[in-house]
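In this note's numbering, the protein residues as written are 40 to 392.
All remarks here apply to the structure that follows.
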Amino acid sequence: MGVLDEAFIQAPEHRPKTHLTNSGDYILSNEIPTIDLSSLQDPHCDKTALAAEIAEACMRWGFFQVINHGLSLDLMRRVEKTVADFFSLTLEEKRRVKRDEVNPMGYHDGEHTKNVRDWKEIFDFFLQDSTTVPATTEPEDTELRKLTNPWPQNPSDFREVCQEYAREVEKLAFKLLELISISLGLPGDRLTGYFKDQTSFLRFNHYPPCPNPELALGVGRHADAGVITVLAQDSVGGLQVSRRSDGQWFSVKPNPDAFIINIGNCMQVWTNDKYWSAEHRVVVNSSKERFSMPFFLFPSHDTNIEPLKELISEDNPPCYKKYNWGKFFAARNRSDYKKLQTESIQIDRFKAA
């Protein structure tokens, strides 16, 4: 990744103003709320106050940070070291577990967002090994296939550490899902039934120094497709979020001991646009590498996504038509591997008339 190929160059209107990251245009913002989850350690705590904080964040930003989240900081540091050790391997060794259009988990160094190549390399693995997904994107095709994770031989503890971390971050994701349900005036377990055979996965991102950070992005602007994302990041900044009210980009100040939470498309549809799946992106720099670790909470492949009936009324008619999550996931996945002639599928396609 030492030379900036034209495949990485963003259109002028989407190029980052990295030289302004710490000043006027791209503010290191304290507006994205930080929510303290320490009260959840009390089994008798009143969760409505936390839920109210989350509701405000989900409506205004679609993003918030959580602290005192219950995950062991020692485990977080161990997985960070293991991830760094993996990405320090030779390209030849990393590509022994390279993913492709048939097997979408593993190592990849050519991902595209909105048909522009991202300045990064990644390793993906399913939470559940194996995971069932549709065999094709065709609506009438009911064939399914089971996918398994390829695991590298080095570092020797890679699989063990990854799976331990995955189990712990999943617990946090479901605590947050419960709070989000309560924030909507629904029972805390209202959404859990959609995850019996979840398609959730984890991603490790490595963003190397970039020779022309003013032209490229680590990840181009996008909104996450799933339910919620639980992101751990190191102390090197880069994540930027588009504010719902005006679309202005704000940088998120890194806190390596916190998790950044954002709402995905499924949650936006379930809440009938009450909660916001914000566009976000990652800027890169010319001197420091950056690591991040998102967990994407995805429902079962057979889940149909549509506004929740409890939130629909005559005054609040459905904003979206029903769509199948598995087929949507399969279609979105295709655009990760190469530049296509059209943009990948978006939830706007299912907007109600």
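Think of the CB as a built atom: it goes at the ideal place given N, C-alpha and C, for glycine as much as any other residue.
Note that the coordinates shown come from a computational prediction; the quantities given were computed from them, not determined experimentally.
Buried or exposed (CB count within 10 angstroms, at least 16 for buried), residue i
i: S78; result: exposed
i: E131; result: exposed
i: S111; result: exposed
i: K348; result: exposed
i: C305; result: buried
i: R206; result: exposed
i: A90; result: buried
i: L270; result: buried
i: S239; result: buried
i: R116; result: exposed
i: T310; result: buried
i: N394; result: Outside the displayed span of the chain (40 to 392) sits residue 394, for which this structure offers no information.
i: L223; result: buried
i: T268; result: buried
i: V291; result: buried
i: G63; result: Because G63 sits at a pLDDT of 37, beneath the cut-off of 50, its placement in the model cannot be relied upon, and the point is left open.
i: K159; result: buried
i: L183; result: exposed
i: P333; result: buried
i: G286; result: exposed
i: P346; result: buried
i: Q272; result: buried
i: S316; result: buried
i: G259; result: buried
i: Q307; result: buried
i: H108; result: buried
i: K235; result: exposed
Where residue i falls: helix, strand or coil (DSSP)
i: G365; result: helix
i: E160; result: strand
i: L270; result: strand
i: D44; result: coil
i: W315; result: coil
i: I384; result: coil
i: K348; result: helix
i: A392; result: coil
i: V308; result: helix
i: N343; result: strand
i: I66; result: Unreliable placement is indicated for I66, whose pLDDT of 46 sits below 50; the coordinate value is still reported in the next sentence. Correct three-state label for I66: coil.
Span of the beta strand (DSSP E), counted from its first residue to its last, around residue i
i: N301; result: 298 to 302
i: L254; result: L254 -> no beta strand (DSSP E), and no H or E assigned at all.
i: F334; result: 329 to 336
i: R184; result: 183 to 186
i: P173; result: 170 to 173
i: R54; result: Premise fails: R54 is in no beta strand (DSSP E) and is neither H nor E.
i: H147; result: 145 to 147
i: T73; result: 73 to 75
i: V323; result: Looking at the DSSP string, V323 is not in any beta strand (DSSP E), and its letter there is neither H nor E.
i: V280; result: 278 to 281
i: V291; result: 288 to 291
Alpha helix (DSSP H) segment containing residue i, residue limits
i: R198; result: 197 to 222
Nearest-angstrom Cβ-Cβ length linking residue i and residue j, presumed shorter than 8 Å
i: P248; j: S325; result: 5 Å
i: A391; j: K361; result: So it is not a contact: roughly 10 Å between Cβ atoms.
i: I106; j: T73; result: 6 Å
i: Y204; j: L114; result: 6 Å
i: D341; j: G365; result: 6 Å
i: F367; j: A264; result: 7 Å
i: L166; j: E209; result: 6 Å
Neighbour flag for residue i against chain C, beta carbons, 8 Å
i: E45; result: Given the protein chain composition of this structure (a single chain), no chain C is represented.
**Item:** Whole runs of the beta strand (DSSP E) within the stretch 80 to 143, excluding any shorter than 3 residues
**Value:** 102 to 106
**Sequence ranges, beta strand (DSSP E) only - wholly within the stretch 223 to 250, length at least 3** = 240 to 246
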